[in-house]
Amino acid sequence: MNPSFDIFRKQISNRWKFRFFLLQKLPSAFFSGLKIRSFDANEAVIGVRYSWFSQNPFRSMYFAVQSMAAEMSTGILGFAQIYQRKPSVSMLVLKVEGNFTKKATGFISFICKDGKMIEEAVEKAIQTGEGQTVVCHSVGTNEEQEVVANFWVTWTFKAKH
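1 is the number of the first residue of the sequence shown in UniProt numbering; add one for each residue after it.
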């Protein structure tokens with residue numbers, strides 16, 4: 001595992017440091033109220049509450065807010081793997097797909113369990129010098145554990161030699 005992973009995890013595990021990070025780097029996520037519910041090398045859970053700011057005209061959570069939380073559940077796993085890497089590694093979203101199965105109201109949690117796959121892709125990108133593509137799955141559930149949305153976020157990782 002990347003030794004800087006734990007450094008990154010400790011930094012964002014502090015609620016105030018994470019909120020400052022969002023305000024500074026991802027202000028729309030800050031104002032939407034995205035929160036880290038849990039995070040380790042294998043999985044990340046990002047939560048967001050249905051509110052006035054996250055609503056759509058149909059009395060449910062706006063799809064863009066759900067997309068943002070789903071993308072963050074995958075992206076935080078990737079960012080933690082590339083954090084302070086030598087050589088540095090770039091990451092970029094190539095594609096996002098989603099489907100919605102139920103109205104999203106209340107508190108919605110998006111979970112991605114693809115941390116190992118991301119770690120392997122980053123290591124391979126560093127070893128081979130070739131870009132790597134990973135499709136990560138994020139599942140959004142409501143407080144009753146009912147699936148409200150599924151997202152597939154395609155990430156690319158490339159070592160900067």
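Yeah, the Cβ is synthetic: ideal placement off N, Cα and C, and Gly gets one too.
Return the CA-CA distance between residue i and residue j, expressed in angstroms with no decimal places.
i: residue 58; j: residue 47; result: 21 Å
i: residue 86; j: residue 51; result: 41 Å
i: residue 69; j: residue 128; result: 31 Å
i: residue 154; j: residue 147; result: 21 Å
i: residue 90; j: residue 124; result: 13 Å
i: residue 54; j: residue 157; result: 30 Å
i: residue 113; j: residue 160; result: 26 Å
i: residue 40; j: residue 98; result: 24 Å
i: residue 134; j: residue 118; result: 7 Å
i: residue 92; j: residue 144; result: 33 Å
i: residue 149; j: residue 94; result: 20 Å
i: residue 80; j: residue 6; result: 8 Å
i: residue 78; j: residue 115; result: 8 Å
At which residues does the beta strand (DSSP E) containing residue i begin and terminate?
i: residue 98; result: 89-100
i: residue 39; result: 35-39
Looking at the strands, I want to know which residues DSSP matches up with residue i.
i: residue 150; result: 99, 139
i: residue 109; result: 47, 141
What three-state label does DSSP hand residue i in the structure shown?
i: residue 133; result: strand
i: residue 158; result: strand
i: residue 116; result: helix
i: residue 124; result: helix
Going by DSSP, what residue range makes up the alpha helix (DSSP H) through residue i?
i: residue 105; result: Segment: none, residue 105 is in no alpha helix (DSSP H) and carries neither H nor E.
i: residue 145; result: Residue 145 -> no alpha helix (DSSP H), and no H or E assigned at all.
Could you pull out every unbroken beta strand (DSSP E) segment of at least 3 residues lying fully inside the segment 8-84, listed in chain order? Listed in chain order, the complete beta strand (DSSP E) runs (minimum 3 residues) inside the segment 8-84 are 35-39, 44-49.
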